[in-house]
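Trainee: First, the structure itself, so that you have it in front of you.
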Amino acid sequence: MSNPQTTRRDFMRATGASLAAASIGSAVASADQGAATAPPARTFGYAIVGIGSLAEADILPAFAHTQRARLMGLVSGDAAKARETAARYGMPERGLYTYDTFDRIADNPDIDAVYIVLPNNLHAEYTIRAHKAGKHVLVEKPMANTVADCEAMIAAAKAAGRQLAVGYRLRYEPFTEAMIRMAREQEFGALGAIVCEAGFNIGNPAQWRLQKAAAGGGSMMDIGIYAVNAARYLSGEDPLEVTATESTNRSDPRFKEVEDTVHFHLRFPSGLIASCLSSYTVNLNRFRVHAQRGSFEMEPAWNRTGLRLRVLRGSVVEQRYLPQRDHFAAMMDHLAERAAAGTAPLTDGVDGLNDMKVIEAIYASIQQRQPVRIG
Ligand code: NDP
2 MSNPQTTRRD FMRATGASLA AASIGSAVAS ADQGAATAPP ARTFGYAIVG IGSLAEADIL
62 PAFAHTQRAR LMGLVSGDAA KARETAARYG MPERGLYTYD TFDRIADNPD IDAVYIVLPN
122 NLHAEYTIRA HKAGKHVLVE KPMANTVADC EAMIAAAKAA GRQLAVGYRL RYEPFTEAMI
182 RMAREQEFGA LGAIVCEAGF NIGNPAQWRL QKAAAGGGSM MDIGIYAVNA ARYLSGEDPL
242 EVTATESTNR SDPRFKEVED TVHFHLRFPS GLIASCLSSY TVNLNRFRVH AQRGSFEMEP
302 AWNRTGLRLR VLRGSVVEQR YLPQRDHFAA MMDHLAERAA AGTAPLTDGV DGLNDMKVIE
362 AIYASIQQRQ PVRIG
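Sequential numbering from 2 applies to the sequence shown in my numbering.
Following this line, the structure appears as C-alpha cells:
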C-alpha cells in the first residue's frame, strides 16, 4: 500500500481570514452580524449551577470569550468555593445561591439563564425549577437520565415560555459545522455509511459517572451520546431502529453498576446505517462519513480543543484547517441570541430528547438481544 500523501487546503481562504488570525472567540453570534455591525452588549446573565470540573476548567473561563453572555450567578453546595469563585471572576455576591435557595433566582433580574452543570440525575429537577423561576436553561449533556424526564423538561420550558438548550457544544464549533455542511451538500457524493466512535478510559471507580442512579448508565450516557448525536447530525435524520451489543467486564470495580463498551448500529429512514462504538475503557475519538467519491472525518472528534478534519480520497489525505473556537462561549452566546429573538436554540430540548430515545432503545436492544424500533 502506498503512503498517504498529505495536501493542505485552507478553508479560511474562502472567508478571507488568515490562519494567523484564527479566533478563539465566540463566532456563532458574530457570523450573523456582518463586519459593519457593532458588537452586542454583554448583558445576558448566566447562573452556573454546580462548580465542578467542567465548570471550573471550561465554562467559567469561557466568559472571557463571550460577546453577549456574562457571569451573574453561581449555585453551589460549597459556600466558600462559590464566594472565592465569584471574587475570582468579578461576579457580584448577590448572585450567590445554594441548592436550597436556588428558587430565589426568580427575583434576580441579573440572571436571564441558568447553565446546569450537575451530575446527570439532577438535570431534570434543576431545569424544571429554573423554568419555574422564569429563566432560560442551558443544560449539560445528557439532557436527563430518561425520556420521560426530557419530556417533562420540554413541557416546563413551554409552560414558562422560555428557551431550553442542551449543551452539545460541538454544534457550535467550525469543524463540526464543516462536517455537517460536507455531508448535507454531498460534497463527495451520496453518503454510503457513517462511523462514529467515542470513548475514553475512565478512572476512579467511586465517581458518580459509574453509579447508575446518578449517571443513568455507563459510557453510553456520558460519551457514547456524542456518537449518537453525531450520527444524527451527520445523516440529518433520526434513526428508526437500533441493534446493540455490550461488552463489560463485571469483575472490573468500575463496572459494578454500569456498562463499559457498546457496539450499536442505527438504521435511518433513507436506508443509511451508522456503525457506532461507545467505551469507558478505550480511547475512541473519530466521526467518519463514507461517501461515493471520498470519506471525511474528524479525529479527534469530540475534544474541547485541537479538533482535526481530514478528507480521504484513495491514497490522498487532505487536512482542512479551520479556526478553533471556544465551544462554550459560542454556545452561551447562541442561547442569548435565540432567547432575545424568542426562537429555539440549535440544540434544543427535542435534540436532547431524540438522543435519549435512541439511548433507551440501545439499552432495550442489549437486554432483548434483538433490533429495537425507536419510538
Ligand atoms: P463534577 O462531578 O466535576 O461536578 C459536578 C458538580 O455538581 C459538583 O462539583 C458539585 O458542585 C455539584 N453537585 C451537586 N450535587 C452533587 C452530587 N450529589 N454529587 C456530585 N456533585 C454534585 O462533574 P462534571 O463537571 O465533570 O460534569 C457535570 C456535567 O457536565 C455532567 O452532566 C457531565 O455529563 C457534563 N459534562 C459535559 C462535558 C462536555 O464536554 N460537554 C464535559 C464534562 C462534563 P458544587 O460543589 O458547587 O455544589
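All residues carry an ideal CB built from backbone N, CA and C; glycine is no exception.
(1) Taking residue 230 as part of the alpha helix (DSSP H), name the residues at either end of that continuous run.
(2) So, at 7 Å on beta carbons, what are the nonlocal neighbours of residue 293 in its own chain, with the 5 sequence-adjacent residues on each side left out?
(3) Buried or exposed, going by whether 16 or more other CB atoms sit within 10 Å of the CB of residue 223?
(4) Between 241, 308 and 284, which has its C-alpha nearest residue 220's C-alpha?
(5) Within the continuous beta strand (DSSP E) that includes residue 264, where are the two ends?
(6) Go through the segment 132-196 residue by residue and report every complete run of the beta strand (DSSP E) that reaches 3 residues or more, in order.
(7) Taking just the CA atoms, how far does residue 303 sit from residue 309?
(8) Could I get the ranges of all uninterrupted alpha helix (DSSP H) runs contained in the segment 30-111, with 4 residues as the minimum, in chain order?
(9) Got a sec, what are the start and stop residues for the alpha helix (DSSP H) residue 299 sits in?
(10) Specify, as a first and last residue, the run of the alpha helix (DSSP H) that residue 355 falls within.
(11) What first and last residue would you give for the beta strand (DSSP E) that runs through residue 255?
(12) At a cut-off of 7 Å, would you count residue 273 as near the ligand NDP, judging by its Cβ distance to the nearest heavy atom?
(13) Smallest Cα separation from residue 186: which of 237, 210, 204 and 166?
(14) Does residue 113 pass the burial test, meaning 16 or more other C-beta atoms within 10 Å, or should it be called exposed?
(15) At a cut-off of 7 Å, is residue 326 close to the ligand NDP when judged by its beta-carbon and the heavy atoms of the ligand?
(16) Rounded to the nearest angstrom, how far is the Cβ of residue 377 from that of residue 248, given a contact under 8 Å?
(17) Hey, how far is the Cα of residue 51 from the Cα of residue 259?
(18) Taking all protein chains shown into account, decide if residue 210 is buried (16 or more other Cβ within 10 angstroms of its Cβ) or exposed.
(19) Using the Cα positions of residue 77 and residue 115, report the straight-line distance between them to the nearest angstrom.
(20) Could you pull out every residue in the same chain whose Cβ sits closer than 8 Å to the Cβ of residue 376, ignoring the five residues on either side in sequence?
Mentor: Checking against the coordinates, here is how it stands:
(1) 226-236
(2) 189, 190, 191 and 193
(3) buried
(4) 284
(5) 262-268
(6) 137-140 and 165-167
(7) 10 Å
(8) 80-89
(9) Careful: residue 299 lies outside any alpha helix (DSSP H), inside the beta strand (DSSP E) at 295-299.
(10) 350-369
(11) First-last for residue 255: undefined, no H or E at that position.
(12) no
(13) 237
(14) buried
(15) no
(16) Because the chain spans 2 through 376 in this model, residue 377 falls outside it and cannot be assessed.
(17) 23 Å
(18) buried
(19) 13 Å
(20) 358 and 362
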